[in-house]
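Single-structure report; data block below.
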Amino acid sequence: MINFLFQQPLKKHEKTIRLINKLSERLDDYSDAELEKQTEKFKEKINNGADLNTIMPEAFASVKIAIKRATGLILFDTQILGGIILHYGQIAEMKTGEGKTIAAMLSAYLNALNEKSVHIITVNEYLAKRDANLAKQIFNKLDISIGLIQSNTNDHINKKKEYECSIIYITNNELGFDYLRNNMSINQEEILKQDFHYAIIDEVDSILIDEARTPLIISGKAEKDSSKYLESQSISEQLEATIHYEIDEKTKNITLTERGIAACEKILQINNLYNLNNSWIKYILNSLKAKELFIKNKDYIIKENNIVIVDEFTGRIMEGRRWSDGLHQAIEAKERTEIQAENRTLASITYQNLFLLYNKLSGMTGTAKTEEQEFEKIYNLKVIEIPTHKSCQRQDLPDLVYKAEYNKWKSIAHECYDMYKIGRPTLVGTTSIEKSELLAKILIELKIPYNLLNARPENIAREAEIIAQAGRKYNITIATNMAGRGTDIVLGGNPVGISKKQLEELLKTIKYKKQEVLDPRNQQSIELDDIEVAGAILNKHKNSDIEKYVCKISEKYKFNENNNVINNIYEKILKENIIKCKKEKEDILRLGGLYIIGTERHESRRIDNQLRGRSGRQGDKGSSRFFLSLEDNLFRIFGGENISQLMQTLNMDANTPIESILLNKSLNSAQKKIEGYFYDIRKQLFEYDQVINNQRQAIYAERKRILESNCMRDSILEYGESTLEEILKIYVQENNIKNKNRIIIQISKLLNISENFTIEQLNRMTYMEIKNFFIEQLYISYDLRENYIEQLRPGLMRQLEKYYLLQQIDQGWQGHLEKMMILKESIGWRSYGQQDPLIEYKNEAFNLFINMVTHIRQTVTYLVMRSRLIVN
């Protein structure tokens, strides 16, 4: 037991952890069959009234033994503590390499005993698949089913089956899109079971903070007209910065000057650039943003002649995601690629409101403390720091600041050269593809071998492999800051990963050459008899299957086929690599451990801390240092007056870096300002989306009611009554006889009333008599129409009711989303009239919603009563 583990506020969990360890000693004597029955026993206890907190010690102890038997790992007390924190709906801040993936399984198992699915949400599909495969090995011992949802799970039946599992591994994107797709379904069979019961979010800061700035959107194609984009692109090339427009890099915004407006109007030969009926301003501003603010190989790449967004936080490409409001089309025009049709929003939700659907939410990450306030205010999540199993020995060296960027990169390259010569593994974190490739070119000139990991497709395929082996001797790895997140860097290399790679190469050689093979790395000789047997086995497999085959062997899956020979080969390779990696680790520790080089400070301190945290895993030695220049974006854009003055007053030698307290203070101040700025953006997005979220929940609840109902007759009649009331209110207020006659004709057509009614007859009736008369006619007309349609095809009326309701709700909601987007963009101007934009937005949104509901009711009534049917 670690002494410093139990300090306030963690001391209260000391007894629980001791009890879990004690119970696990007893459970260790259980047979596999007895251990498997534990799940059934716990479920029975819950059915008899026991709560999860009561059974937690024994449940956690059972998982601890299952982990030990499946993987050979024995849980640290810190991991058990992490599991407890997660169970209580909090964020466990656990440093890199502390075993978050395993800790999550404790809480996931306990909460899955309620017979409701637990979602473990990851940032990418590689991690979801990797963790799900590990979980399957462990939870096989406890009779718990594990599901994996991926974007390529196209088979709806398979996806439904995965969602039925007790614990489900899924990415945040797929979870959100499935939720939106569920609420766009037109029949009950299409809906996937999504229990928003309990979620554990891996890399919680990445998902709830970084990705929360933009909502999830499902789009449909709008009309395609690329002429304005091309013309705007041509205009943007004729305009000059500062003369025709001003650039605000902080907010990524561009404003036209008066000269700029006049120039555009002259080129276009129009009088008003802002004319609502033929607006050009949106197109021109987007073209200017594409020209000045969105940079190739930083913000996007061109892949197969398509513009693909690069995530600024993770450095990963975002397949299928597009910038909205015409910006993506403006970039396509700039790069001369095919301009795709603008998208129309069909459904959307922010990550904030998606995750607030859960009854209980928890998360884990290595860096959450800097965003503690946001987690608590928006998600009601407390951040609890979990002590490391072994104390951190990483040394974070002071920043080195150069006058010019050129000198900074030269210094970084020389640092890499020095590290390579002594054999010390080094990970260089860059902020963009462009910068990572710049450093790679410099290292080529210095003849230093390196591994490059950025958003290029050819590099992404090897992401986990590159990062897993970044701790080997003589390895220089260049990566975007967040690349490979979720994969541990093991000093000396990962023997399993190395062995798998070597076995793959060996088996391919065996299959084609069938001769004695000498492995060059391990200098181990494989017997000829073994090769002959292995070759016979491999003839059953295609070359492309060998990698999967090796993965199964390394994960100790059981096969019906006789593969003992290949298992033996793998075991030989693995044993040698374990010894070799252990020795290599000792050498690296003597050199100082993994060295992290940061090439630029990020806008958030948290991202810098994540990069540093790649070193010093599990008490290993390590160090980190940031190499900066006064020309870096953070200094240049956000540095303020202090930095500008310092650049003028300091007579700096270009090749000599400085360490300055003033610089560090200014830098930290700039980062805090940016964090505050982005927090305000996310907070504003959340506040505005809260308005639409209430409306979204009402619409989705109505859709769900319609889908689950067998008969919507009463609802249609209720819609009809409301429509009649709305028309009759206008009738009563109208004094003009012609207009009154027009209203009566309108109602008669709606209800298919063949007899003529005069105004005189109706004038002799009270409002309630008129209302009751027409409602009675509504019911008569509806019964006649139902009888007619049911004669055409039995059950057709019920299908029509559902179809018209869902069709009009979806069309109305999509139109409403567009209006809300326009309203949100324009509402800010109300502040100039001393009005609170948010309050004004709420009022306007309410009126728009009422109008939408009224329109849906009226249209559905008309379609059901008046539409013509052709039945084959």
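Counting in this note's numbering, the sequence shown runs from 1 upward without gaps. Even for Gly, the Cβ is constructed at its ideal location relative to N, Cα and C.
Query: Whole-Å CB distance - Leu-717 paired with Arg-866, under 8 angstroms assumed; Result: So it is not a contact: roughly 15 angstroms between Cβ atoms.
Query: Given Ile-442 as reference, the closest of Ser-206, Cys-416 and Gln-697 once Cα atoms are compared; Result: Cys-416
Query: Cβ neighbour criterion (16 or more within 10 Å) applied to Ser-525; Result: The predicted model places Ser-525 with a pLDDT of 43, which falls under 50 and marks its position as unreliable; any figure quoted below should be read in that light. It is exposed - the Cβ of Ser-525 has fewer than 16 other Cβ atoms within 10 Å.
Query: Straight-line Cα distance separating Leu-707 from Ile-386; Result: 46 angstroms
Query: Glu-98 in three-state terms, based on DSSP; Result: coil
Query: Classification of Glu-516 by the beta-carbon crowding that lies within 10 angstroms, buried from 16 upward; Result: Note on Glu-516: pLDDT 42, under 50, position unreliable in the model; the coordinate value appears next. Glu-516 is exposed by the Cβ-count criterion.
Query: Minimum C-alpha distance to Leu-356 - residue among Glu-332, Arg-472 and Asp-195; Result: Asp-195
Query: Three-pair Cβ contact test at 8 angstroms for the stretch 360-369 versus the stretch 98-109; Result: yes
Query: Straight-line Cα distance separating Glu-505 from Arg-879; Result: In the structure as shown, the chain begins at 1 and stops at 872. Residue 879 is therefore absent and cannot be evaluated.
Query: Neighbour-count burial assignment, Ser-279, 16 or more Cβ in a 10 Å radius; Result: exposed
Query: Rounded straight-line distance, which links the Cα of Asp-28 to that of Glu-115; Result: 26 angstroms
Query: Neighbourhood of Arg-69 by C-beta distance below 8 angstroms, restricted to the same chain and skipping five residues each side; Result: Asp-32, Leu-35 and Lys-141
Query: Expected contact under 8 angstroms - CB spacing of Ala-470 and Thr-477 to nearest Å; Result: 4 angstroms
Query: N-terminal and C-terminal residue of the beta strand (DSSP E) that Ala-626 is part of; Result: The residue asked about is misnamed: residue 626 is Phe in this sequence, not Ala. 621-629 is the extent of the beta strand (DSSP E) around Phe-626.
Query: Pair within 8 angstroms by beta-carbon distance, Leu-81 and Ile-120; Result: no
Query: Three-state class that DSSP yields for Val-490 in the structure shown; Result: coil
Query: Alpha-carbon spacing of Glu-162 relative to Ser-107, whole angstroms; Result: 20 angstroms
Query: Three-way DSSP call (helix, strand, coil) for Arg-26 in this model; Result: helix
Query: Of the residues Met-765, Thr-861 and Ala-701, the one placed nearest Asn-910, counting alpha carbons only; Result: Since the first residue shown for the chain is 1 and the last is 872, residue 910 is missing from the structure and cannot be characterised.
Query: For Ser-826, three-class secondary structure by DSSP; Result: helix
Query: Nearest-angstrom Cβ-Cβ length linking Val-123 and Ser-206, presumed shorter than 8 angstroms; Result: 5 angstroms
Query: Backbone secondary structure at Gly-363 - three-state DSSP; Result: strand
Query: Alpha carbon of Ser-185 to alpha carbon of Asp-178, nearest angstrom; Result: 10 angstroms
Query: Among Leu-148, Met-820 and Lys-291, the one whose alpha carbon lies nearest that of Glu-332; Result: Lys-291
Query: Nearest neighbour of Asp-488, chosen from Arg-830, Leu-268, Thr-71 and Lys-95 [CA to CA]; Result: Lys-95
Query: contact_flag[the stretch 405-419, the stretch 125-137] where n(CB pairs < 8 angstroms) is 3 or more; Result: no
Query: Assigned secondary structure, Met-712 (DSSP; H/G/I helix, E/B strand, else coil); Result: coil
Query: Beta-carbon proximity check, Leu-823 vs Tyr-841, cutoff 8 angstroms; Result: yes
Query: Beta-carbon spacing of Leu-628, Ser-615 below 8 angstroms; Result: no
Query: Proximity to Leu-805 [Cα-Cα], best of Val-864, Gln-352 and Tyr-229; Result: Val-864
Query: Rounded separation between Ile-65 and Gly-83 - CA only; Result: 15 angstroms
Query: Within 8 angstroms, strictly: CB atoms of Lys-390 and Gln-618; Result: yes
Query: Exposure label - Met-765; buried when at least 16 CB within 10 Å; Result: exposed
Query: Endpoints, alpha helix (DSSP H) assigned at Tyr-169; Result: No alpha helix (DSSP H) holds Tyr-169; the beta strand (DSSP E) holding it covers 167-171.
Query: At least three beta-carbon pairs within less than 8 angstroms, the stretch 250-264 to the stretch 298-307; Result: no
Query: DSSP-derived helix/strand/coil call for Leu-594; Result: strand
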